[in-house]
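Student: Residue numbers for the sequence shown follow this note's numbering, so the first one is 12 and each next one is one higher.
Beta carbons: idealized from backbone N, C-alpha and C, even for Gly.
This one's a predicted model, so the numbers in the text were calculated from it and none came from an experiment.
Below are the structure tokens for one structure; questions will follow.
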Amino acid sequence: MFHVGGARSALYNWATARQQGGTFVLRIEDTDAARNRPEWTQGIISALAAIGIHDGDPAFEGPHFQSAGVERHRAAAEKLHAAGRAYYCDCTREQLAERTGSTQLGYDGFCRGRGLGFAQGRALRFRTPDEGATVVVDLIRGEPSFPNPAIEDFVIARGDGSPVFLLANVVDDLDQGITQVIRGEEHLSNTPKQQLLWEALGAVPPVWAHLPVIVNEKRQKLSKRRDKVALEDYLAEGYLPEAVVNYLMLLGWGPKDDLEIRPYAELEQLFRVEDVNAASAFFDVAKLRAFNGEYLRAMAVEDFTAACSPWLTGPEVPWAAEDFDARAFAALAPLAQSRIALLGEIVQQVDFLFLPEPVRDEASWAKAMKDKDGAAGLLRTARERLAAAGEWRAGVLRAELEAVAAEHGLKLGRAQAPVRVAVTGRTVGLPLFESLEVLGRERTLARLDAAVERLA
Numbered sequence: 012m013f014h015v016g017g018a019r020s021a022l023y024n025w026a027t028a029r030q031q032g033g034t035f036v037l038r039i040e041d042t043d044a045a046r047n048r049p050e051w052t053q054g055i056i057s058a059l060a061a062i063g064i065h066d067g068d069p070a071f072e073g074p075h076f077q078s079a080g081v082e083r084h085r086a087a088a089e090k091l092h093a094a095g096r097a098y099y100c101d102c103t104r105e106q107l108a109e110r111t112g113s114t115q116l117g118y119d120g121f122c123r124g125r126g127l128g129f130a131q132g133r134a135l136r137f138r139t140p141d142e143g144a145t146v147v148v149d150l151i152r153g154e155p156s157f158p159n160p161a162i163e164d165f166v167i168a169r170g171d172g173s174p175v176f177l178l179a180n181v182v183d184d185l186d187q188g189i190t191q192v193i194r195g196e197e198h199l200s201n202t203p204k205q206q207l208l209w210e211a212l213g214a215v216p217p218v219w220a221h222l223p224v225i226v227n228e229k230r231q232k233l234s235k236r237r238d239k240v241a242l243e244d245y246l247a248e249g250y251l252p253e254a255v256v257n258y259l260m261l262l263g264w265g266p267k268d269d270l271e272i273r274p275y276a277e278l279e280q281l282f283r284v285e286d287v288n289a290a291s292a293f294f295d296v297a298k299l300r301a302f303n304g305e306y307l308r309a310m311a312v313e314d315f316t317a318a319c320s321p322w323l324t325g326p327e328v329p330w331a332a333e334d335f336d337a338r339a340f341a342a343l344a345p346l347a348q349s350r351i352a353l354l355g356e357i358v359q360q361v362d363f364l365f366l367p368e369p370v371r372d373e374a375s376w377a378k379a380m381k382d383k384d385g386a387a388g389l390l391r392t393a394r395e396r397l398a399a400a401g402e403w404r405a406g407v408l409r410a411e412l413e414a415v416a417a418e419h420g421l422k423l424g425r426a427q428a429p430v431r432v433a434v435t436g437r438t439v440g441l442p443l444f445e446s447l448e449v450l451g452r453e454r455t456l457a458r459l460d461a462a463v464e465r466l467a
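This is the structure we're talking about:
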């Protein structure tokens, strides 16, 4: 699944590329067979398309597959070895621990001067400089410096000759003309090693920008094992792609005028990666939900109605397909639009229209019918007056229930509660009288009768 952090990184890259007339390059790093399946690759492509990054735009290039460049990766490894910038090593972890007395220390350079050649089981290690420091020029973090003696001689090719990610990544960047790398800060520790490889291969490193980590409400890094992190999951709940994009763009950055809710086209023009804050960014689900509600309320009613369709006609709806009435939903859609924050919430707002009986929410029933005798009496009176109503319109139905409330010495709100639960099954929902109008006289009266019978 596509992590929301990956989506944020992609959007920042996308905005930067389009601003500068450049190219966003999608590369699938697929050399780890255990983590590589075609459907996962397609999932990445589909998720990117959902947030507006796709091959229909001239700024998009890819996908490229890292596995296609294995021979170039091998050639680069051989070039580094031939130049004396890398050497073969046959040390095991156990031997290293025995020499250093620790399993935590990095490689000690034991094979540097042994002159070993290639053989199965011998890894190829990059020879890091013994002195000085590697300075990473980062648009967000300034110029962090990494002492070279503290960087171990790291592996660039495994014992079977296959290049590792660090080297493959650099070679692919060189081949594909990458000039800017915008990625999560967890990769910052790799950067001095990659920068050393760029320089050893005779190239100028790209511009780096390491984005702040995204954390949950406990200030813990978002984890797929603990938190909901998949972009697809949020879209499946009914978050609009536009709202998600708007929110993700603001995770670590914000426009100088502090106006947050605005179309992506504006955000793209305002975005500057050097203005991204280096501090951790809090993924506030409540704020994302509020953003989504704003986007839903701003939609044209017909667009909102169309957007709700997958949730109302899909295979998981709680009513029979033939019981869905598009005209009935259209009548209440404007009222629902102002009350939901997620498209997925539309089902419980309108299920009373399409189910043969209202849902049985026991908590709602217990609250509204706490005084059984009083509730039963009120429902009987309401049933009589509504049955005799001349016109079945919201205004008329309201007047009738106001009269019922007065007869029972109640305010209208108190009188509505038993009626609402009897008809819709819940204590909260769409405006009652408009709901009764769309539900119709016959079904409304039948549900009032059923509620009185249940109370008895």
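Would you kindly work out how many angstroms separate the C-alpha atoms of I225 and G436, rounded to a whole number?
Tutor: Looking up residue 225 in the sequence shown gives position 214. Looking up residue 436 in the sequence shown gives position 425. Approximately 40 Å between the Cα atoms of the pair.
Student: Which stretch, first to last residue, makes up the alpha helix (DSSP H) that contains F340?
Tutor: Position 329 of the sequence shown, counting from 1, holds the residue named residue 340. Run containing F340: 337-348, per the alpha helix (DSSP H) assignment.
Student: Residue range of the alpha helix (DSSP H) that Q53 falls in?
Tutor: Here the question's residue 53 lines up with position 42 in the sequence shown. Per DSSP, Q53 belongs to the alpha helix (DSSP H) from 49-61.
Student: Determine whether the beta carbon atoms of L366 and P326 lie at a separation below 8 Å.
Tutor: Within the sequence shown, the letter at position 355 stands for residue 366. Within the sequence shown, the letter at position 315 stands for residue 326. For L366 and P326, no; Cβs fall outside 8 Å.
Student: How is S156 classed by DSSP in three states: helix, strand or coil?
Tutor: Locating residue 156 in the sequence shown gives position 145, counting from the first residue. In the structure shown, S156 sits in a strand (DSSP, three-state: E or B).
Student: Determine the direct distance from the alpha carbon of R96 to that of G54, and round the result to whole angstroms.
Tutor: Here the question's residue 54 lines up with position 43 in the sequence shown. Here the question's residue 96 lines up with position 85 in the sequence shown. Those two C-alpha atoms are separated by around 39 Å.
Student: Please determine, among A134, E163, G126, P442, the residue with the shortest C-alpha to C-alpha distance to A144.
Tutor: Within the sequence shown, residue 144 is the residue found at index 133, counting from 1. The residue with the shortest Cα to Cα distance from A144 is E163.
Student: Quick check: the Cα distance between V146 and L91, rounded to an integer number of angstroms?
Tutor: One-based indexing of the sequence shown puts residue 146 at position 135. One-based indexing of the sequence shown puts residue 91 at position 80. Distance between the alpha carbons of V146 and L91: 21 Å.
Student: N257: buried (16+ other C-beta within 10 angstroms of its C-beta) or exposed?
Tutor: Here residue 257 refers to the residue found at position 246 of the sequence shown. Buried, by the Cβ-count rule.
Student: Under three-state DSSP, which class holds L354?
Tutor: Along the sequence shown, read from residue 1 onward, the residue named residue 354 stands at position 343. If DSSP states are grouped into helix, strand and coil, L354 belongs with the helices.
Student: For P174, name the three-state secondary structure that DSSP assigns.
Tutor: Locating residue 174 in the sequence shown gives position 163, counting from the first residue. DSSP places P174 in strand when its eight states are reduced to three.
Student: What number of angstroms, rounded off, separates the C-alpha of D372 from the C-alpha of A462?
Tutor: For the purposes of this step, residue 372 is taken as residue 361 along the sequence shown, with counting starting at 1. For the purposes of this step, residue 462 is taken as residue 451 along the sequence shown, with counting starting at 1. Their Cα atoms are separated by approximately 13 Å.
Student: Considering only DSSP beta bridges, list what Y98 is partnered with.
Tutor: Translated into the one-based positions of the sequence shown, residue 98 becomes position 87. The bridge partners DSSP lists for Y98 are R136.
Student: Does the beta-carbon distance from E243 to M12 come in below 8 Å?
Tutor: As a position in the sequence shown, residue 243 is number 232, starting the count at 1. As a position in the sequence shown, residue 12 is number 1, starting the count at 1. Contact flag set, yes.
Student: At what residue ranges does the stretch 169-213 contain a whole run of the alpha helix (DSSP H), taking only runs of 4 or more?
Tutor: 176-186, 202-211
Student: Rounded to the nearest angstrom, how far is the Cβ of C100 from that of R133, given a contact under 8 Å?
Tutor: Within the sequence shown, the letter at position 89 stands for residue 100. Within the sequence shown, the letter at position 122 stands for residue 133. Confirmed, Cβ separation roughly 6 Å.
Student: Is D119 helix, strand or coil when you go by DSSP?
Tutor: Taking the sequence shown and counting its residues from 1, one reaches residue 119 at position 108. In the structure shown, D119 sits in coil (DSSP, three-state: anything other than H, G, I, E or B).
Student: Determine the direct distance from the alpha carbon of P442 to that of K301, and round the result to whole angstroms.
Tutor: Sequence index remark: in the sequence shown, residue 301 carries index 290 (1-based). Sequence index remark: in the sequence shown, residue 442 carries index 431 (1-based). Here the sequence assigns Ala to residue 301, which means Lys is not the residue at that position. So the alpha carbons of these two residues sit roughly 21 Å apart.
Student: Cβ atoms of A433 and R409: under 8 Å apart, would you say?
Tutor: In the sequence shown, counting from the first residue as 1, residue 409 sits at position 398. In the sequence shown, counting from the first residue as 1, residue 433 sits at position 422. The answer is no: Cβ separation not under 8 Å.
Student: So, is S375 buried or exposed, given that buried needs 16 or more other C-beta atoms within 10 angstroms?
Tutor: Counting from 1 along the sequence shown, the entry for residue 375 is found at position 364. Result: buried.
Student: Could you give the residue range of the alpha helix (DSSP H) that holds F315?
Tutor: Indexing the sequence shown from 1 puts residue 315 at position 304. Its alpha helix (DSSP H) spans residues 312-324.
Student: Can you tell me where the beta strand (DSSP E) holding V146 begins and where it ends?
Tutor: Locating residue 146 in the sequence shown gives position 135, counting from the first residue. 144-146 is the span of the beta strand (DSSP E), which, as asked, contains V146.
Student: Quick one: measure Cβ to Cβ for Q205 and L177, integer angstroms, because I've assumed they're closer than 8 Å.
Tutor: The count along the sequence shown starts at 1 and reaches residue 205 at position 194. The count along the sequence shown starts at 1 and reaches residue 177 at position 166. Between L177 and Q205 the Cβ distance is about 6 Å, and since that is below 8 Å, they are a contact.
Student: Report the CB separation of V182 from R83 in whole angstroms; it is logged as a contact under 8 Å.
Tutor: In the sequence shown, counting from the first residue as 1, residue 182 sits at position 171. In the sequence shown, counting from the first residue as 1, residue 83 sits at position 72. At roughly 6 Å, the Cβ-Cβ gap stays under 8 Å, so V182 and R83 are in contact.
Student: Please report the distance separating the alpha-carbon of F282 from that of E72.
Tutor: For the purposes of this step, residue 282 is taken as the residue at position 271 of the sequence shown. For the purposes of this step, residue 72 is taken as the residue at position 61 of the sequence shown. F282 and E72: Cα-Cα distance of roughly 21 Å.
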